[in-house]
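**Q** Input: one structure, supplied below.
Protein chains: 2
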Amino acid sequence: MTRTSTPAMLVNGAPPGDPELALPANDRGFHYGDGVFESALLRTGRVRFLEDHLERLYGGCERLGIPPPERAVLLADIEQVTAGSLAGVLKIVVSRGPGARGYRPDSAAEPTRVVALHALPEAADTREIALRWCTMRLGRNARLAGIKHLNRLEQVLAQAEWHDRRIGEGLMLDTEGELVCGTASNIFIVRDGVLVTPDLRYSGVRGVMRKQVLRAAAQLGIAASEEPLWPEDLERASEVFVTNAVRGVRCATSLGSQRWPPGRIAARLIAELESLH
Amino acid sequence: MTRTSTPAMLVNGAPPGDPELALPANDRGFHYGDGVFESALLRTGRVRFLEDHLERLYGGCERLGIPPPERAVLLADIEQVTAGSLAGVLKIVVSRGPGARGYRPDSAAEPTRVVALHALPEAADTREIALRWCTMRLGRNARLAGIKHLNRLEQVLAQAEWHDRRIGEGLMLDTEGELVCGTASNIFIVRDGVLVTPDLRYSGVRGVMRKQVLRAAAQLGIAASEEPLWPEDLERASEVFVTNAVRGVRCATSLGSQRWPPGRIAARLIAELESLH
């Protein structure tokens with residue numbers, strides 16, 4: 014199968030004749046951000062941590078009351094979109110689908126699913142990055158915390174804050190000043206030898222790589238904790254790193270005037286995660 | 014011009030060949046809720062309070078850093094979509110448009126605009142309604158408060174809470190317990206003879222009808238205040254009403270065990286608003 018005969022995108026299971034004209038004008042994803050998504054890493058022809066991505070996607074659908082696509086249907090889409098490709102970013106979107114005007118969801122709605130394969134981002138394998146603080150804050154809402162829903166204006170405006178390519182990620186506080194995450198990543202610190210990551214009870218996304226890092230820590234006997242963190246905690250941190258499914262673990266070298274040397278615990282976790290393949 | 018020759022919808026100025034295939038698969042409205050919208054009332058062939066709607070739409074674009082459509086272009090769309098129709102709901106959506114994967118907006122993005130005319134909702138002219146409390150809360154974020162952006166999952170989940178058609182609107186608190194609005198309306202109370210409405214500094218939408226009610230109050234010499242309100246304030250209220258651009262002013266008759274008689278101040282405001290036409 015040649016590359017061009019493989020559709021890079023499926024909308025409801027079919028390649029759109031024209032990707033510019035692919036979605037319903039009344040799709041609730043477009044009108045209200047009413048849906049969920051995943052961004053997974055394809056490497057050596059396999060979707061990394063696919064089970065974790067599907068678990069979060071289905072969990073998000075359940076939280077929003079969206080009838081999810083059947084697993085076999087979604088897997089067939091994924092197989093078709095990734096066939097013949099070795100590396101890339103698999104993006105899956107499930108919205109509540111077309112609907113009448115008005116916020117109230119129609120229980121008869123038929124969800125829209127988009128499954129697409131994108132090129133890897135630039136510098137996807139960078140392992141050390143500089144951080145910055147974002148001024149954009151995250152609103153708190155326990156009912157929406159953890160899932161990867163389509164209401165992402167806070168992240169959009171946060172990433173719009175900087176264009177300096179030497180900065181690899183921006184950190185976000187919630188409106189009460191708690192440290193939550195990066196704009197597109199979870200954050201871990203090592204404090205007094207313990208691995209700590211925000212508990213995400215009010216905002217943020219429960220990252221697939223975050224889960225894998227916690228699993229790896231347990232495997233290695235590294236003490237770990239999910240708890241509220243504050244900016245001051247970074248001053249006491251011996252290591253800081255951010256994680257996401259596409260870029261993996263990236264160690265922070267600096268944040269403002271703070272500097273961190275290469276982290277010993279991060280290195281062990283990265284090695285453990287790589288050993289899975 | 015017959016009704017069928019008038020397109021009920023324009024996407025970027027043209028009627029979509031197939032409304033089911035009308036939007037780009039990579040539109041940032043769909044992927045991130047990255048945009049703003051308006052819902053205005055068309056009656057006697059005119060868009061009511063069009064200037065206020067456009068002002069909020071352009072203000073929202075500015076807040077999000079979305080280059081807005083030119084005013085003349087938007088007005089031409091509106092004229093074309095409403096031509097030959099006397100009544101309906103004019104919906105305008107402006108998203109940041111198609112984009113590459115990732116939150117960061119591309120400054121070269123070309124916004125997508127959708128202008129559509131919908132049928133009036135059922136019971137659009139009901140003037141008295143029962144209220145309920147929603148359990149869904151509104152997250153606080155001053156940077157997004159006031160504008161009518163496309164991140165509306167909180168409203169979607171709030172409206173999903175009830176199906177009793179005798180309930181006309183659900184009231185929403187923010188995560189700190191402040192009273193903010195209805196799911197698709199602003200709220201006013203009369204307390205000690207003063208008209209009071211939440212100040213919306215942390216969440217909620219600055220409604221077009223809210224603005225008109227405040228204007229009408231000033232015109233009539235009715236004292237009015239925008240300030241934080243709490244659920245307890247409803248117990249001290251002699252009148253409660255909710256407002257939105259499509260349904261106008263609707264007086265609350267009940268909320269749980271509370272009852273309100275027809276409001277004298279609401280009646281004066283409604284009369285003043287009607288006198289504009």
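Those protein sequence lines, which keep their order, are chains H and Y. This note's numbering runs 13 ahead of the 1-based position in the first sequence. This note's numbering runs 13 ahead of the 1-based position in the second sequence. Heads up, the beta-carbon is just placed ideally off N, CA and C, and yes, glycines get one too. Just so you know, these numbers come straight off a predicted model, no measurement behind them.
Cβ of residue 162(H) less than 8 Å from any chain Y Cβ?
**A** Stepping through the first sequence from its first residue, residue 162(H) is reached at position 149. Nearest CB-CB separation between residue 162(H) and chain Y: below the 8 Å threshold.
**Q** Rounded to a whole number of angstroms, what is the C-alpha to C-alpha distance between residue 190(Y) and residue 167(H)?
**A** Locating residue 190(Y) in the second sequence gives position 177, counting from the first residue. Locating residue 167(H) in the first sequence gives position 154, counting from the first residue. Answer to the nearest angstrom: the Cα atoms are 22 Å apart.
**Q** For a test of the three-state rule: what should DSSP assign to residue 104(Y), helix, strand or coil?
**A** The residue labelled residue 104(Y) in the question sits at position 91 within the second sequence. Note: residue 104(Y) maps to strand in three-state DSSP.
**Q** Looking at chain Y, is there any beta carbon in it that lies within less than 8 Å of the beta carbon of residue 131(H)?
**A** Within the first sequence, the letter at position 118 stands for residue 131(H). Cβ-Cβ to chain Y under 8 Å: yes for residue 131(H).
**Q** Where does residue 237(Y) land, buried or exposed, given buried means 16+ other C-beta within 10 angstroms?
**A** The residue labelled residue 237(Y) in the question sits at position 224 within the second sequence. By the 10 Å Cβ count, residue 237(Y) comes out buried.
**Q** Shortest alpha-carbon distance to residue 321(Y) belongs to which of 224(Y), 179(Y), 177(Y), 176(Y)?
**A** What is shown of chain Y runs 14 to 290, which leaves residue 321(Y) out entirely.
**Q** Relative to chain Y, which residues along the stretch 84-108 of chain H have a C-beta separation below 8 Å, given in chain order?
**A** 102, 104, 106, 108
**Q** Going along chain H in order, which residues have a C-beta closer than 8 Å to the C-beta of residue 22(Y)?
**A** In the second sequence, residue 22(Y) corresponds to position 9, counting from 1. Within chain H, the residues near residue 22(Y) are 38.
**Q** Quick check: the Cα distance between residue 137(H) and residue 257(H), rounded to an integer number of angstroms?
**A** As a working note, residue 137(H) is residue 124 in the first sequence. As a working note, residue 257(H) is residue 244 in the first sequence. So the two alpha carbons sit approximately 11 Å from each other.
**Q** Any contact of the stretch 110-126 of chain Y with the stretch 109-121 of chain H, i.e. 3+ C-beta pairs under 8 Å?
**A** no
**Q** So, is the C-beta of residue 186(H) closer than 8 Å to a C-beta in chain Y?
**A** For this step, residue 186(H) is matched to residue 173 along the first sequence. It does not: the Cβ of residue 186(H) has no partner Cβ on chain Y nearer than 8 Å.
**Q** Note down the Cα distance separating residue 261(Y) from residue 148(H), rounded to an integer number of angstroms.
**A** Locating residue 261(Y) in the second sequence gives position 248, counting from the first residue. Locating residue 148(H) in the first sequence gives position 135, counting from the first residue. Whole-angstrom Cα-Cα distance: 37 Å.
**Q** Check residue 194(Y) in the structure and name its three-state DSSP category.
**A** Taking the first residue of the second sequence as 1, we reach residue 194(Y) at position 181. Of the three classes helix, strand and coil, the one that applies to residue 194(Y) here is strand, per DSSP.
**Q** Is it right to say residue 57(H) is buried, meaning 16 or more other beta carbons lie within 10 angstroms of its own, or is it exposed?
**A** Residue numbering aside, residue 57(H) sits at position 44 when the first sequence is read from its first letter. Residue 57(H) comes out exposed.
**Q** Helix, strand or coil, according to DSSP, for residue 244(Y) in the structure here?
**A** Mapped onto the second sequence, residue 244(Y) falls at position 231. Note: residue 244(Y) maps to helix in three-state DSSP.
**Q** What beta strand (DSSP E) runs, 3 residues minimum, are completely inside the stretch 29-59 of chain H?
**A** 48-56
**Q** Excluding the 5 residues preceding and the 5 following residue 152(H) in the sequence, name in chain order all residues of the same chain whose CB lies nearer than 8 Å to its CB.
**A** Mapped onto the first sequence, residue 152(H) falls at position 139. Exclusion of the five residues before and after residue 152(H) leaves 167, 187, 188, 216 as the residues of its chain whose Cβ lies within less than 8 Å of its Cβ.
**Q** For residue 232(Y) and residue 30(H), what's the separation of their Cα atoms in angstroms?
**A** For the purposes of this step, residue 232(Y) is taken as residue 219 along the second sequence, with counting starting at 1. For the purposes of this step, residue 30(H) is taken as residue 17 along the first sequence, with counting starting at 1. One C-alpha to the other measures close to 56 Å.
**Q** When you compare only the Cα positions, how much space is there between residue 179(H) and residue 143(H)?
**A** Counting from one through the first sequence, the residue named residue 179(H) turns up at place 166. Counting from one through the first sequence, the residue named residue 143(H) turns up at place 130. Rounded to whole angstroms, residue 179(H) to residue 143(H) spans 7 Å at the Cα level.
**Q** Spell out whether any CB of chain H is found under 8 Å from the CB atom of residue 25(Y).
**A** Here residue 25(Y) refers to the residue found at position 12 when the second sequence is read from its first residue. Answer no: the Cβ-Cβ gap between residue 25(Y) and chain H never drops below 8 Å.
**Q** Quick one: Cα of residue 252(H) to Cα of residue 208(H), how far?
**A** Here residue 252(H) refers to the residue found at position 239 of the first sequence. Here residue 208(H) refers to the residue found at position 195 of the first sequence. Roughly 9 Å separates the two Cα atoms.
**Q** Cα-Cα, which of 244(Y), 286(Y), 126(Y), 139(Y) is closest to residue 48(Y)?
**A** Position 35 of the second sequence, counted from the first residue, corresponds to residue 48(Y). Out of 244(Y), 286(Y), 126(Y), 139(Y), 126(Y) has the C-alpha closest to the C-alpha of residue 48(Y).
**Q** Classify residue 144(Y) as helix, strand or coil using the three-state DSSP reduction.
**A** On the second sequence, position 131 is the one that residue 144(Y) refers to. Correct three-state label for residue 144(Y): strand.
**Q** Taking Cβ positions only, does residue 252(H) come closer than 8 Å to chain Y?
**A** Walking along the first sequence from the start, residue 252(H) turns up at place 239. It does not; no Cβ of chain Y falls within 8 Å.
**Q** On the criterion of 16 or more Cβ atoms from any shown chain inside 10 Å, does residue 92(Y) qualify as buried, or is it exposed?
**A** Counted from its first residue, the second sequence places residue 92(Y) at position 79. The C-beta of residue 92(Y) has fewer than 16 other C-beta atoms within 10 Å across all chains shown, which makes the residue exposed.
**Q** Looking at C-alpha atoms only, which residue of 45(H), 24(H), 84(H) is the closest neighbour of residue 162(H)?
**A** Position 149 of the first sequence, counted from the first residue, corresponds to residue 162(H). Selected option, being the one with the closest Cα: 45(H).
**Q** Closest to residue 318(H) by C-alpha separation, out of 272(H), 254(H), 250(H), would be which residue?
**A** Chain H is shown only over 14 to 290; residue 318(H) falls outside these bounds and no answer can be derived.
**Q** Within 10 Å of its beta-carbon, does residue 230(H) have 16 or more other beta-carbons around it, so buried, or fewer, so exposed?
**A** Walking along the first sequence from the start, residue 230(H) turns up at place 217. Buried: at least 16 other Cβ atoms inside 10 Å.
**Q** Considering just the uninterrupted stretch of the beta strand (DSSP E) at residue 265(Y), what are its terminal residues?
**A** Translated into positions along the second sequence, residue 265(Y) becomes position 252. Per DSSP, residue 265(Y) belongs to the beta strand (DSSP E) from 261-268.
**Q** Kindly indicate which three-state DSSP category residue 95(Y) falls into: helix, strand or coil?
**A** Numbered from its first residue, the second sequence carries residue 95(Y) at position 82. Collapsing the DSSP output to three states places residue 95(Y) in a helix.
**Q** I need the boundaries of the beta strand (DSSP E) containing residue 182(H), first residue and last residue.
**A** Taking the first sequence and counting its residues from 1, the one referred to as residue 182(H) is at position 169. Residues 180-186.
**Q** Go through its chain and collect everything with a Cβ distance to residue 270(H)'s Cβ below 7 Å, but skip five positions before and after it.
**A** Here residue 270(H) corresponds to residue number 257 of the first sequence, with the count starting at 1. Cβ within range, chain order: n/a, list empty.
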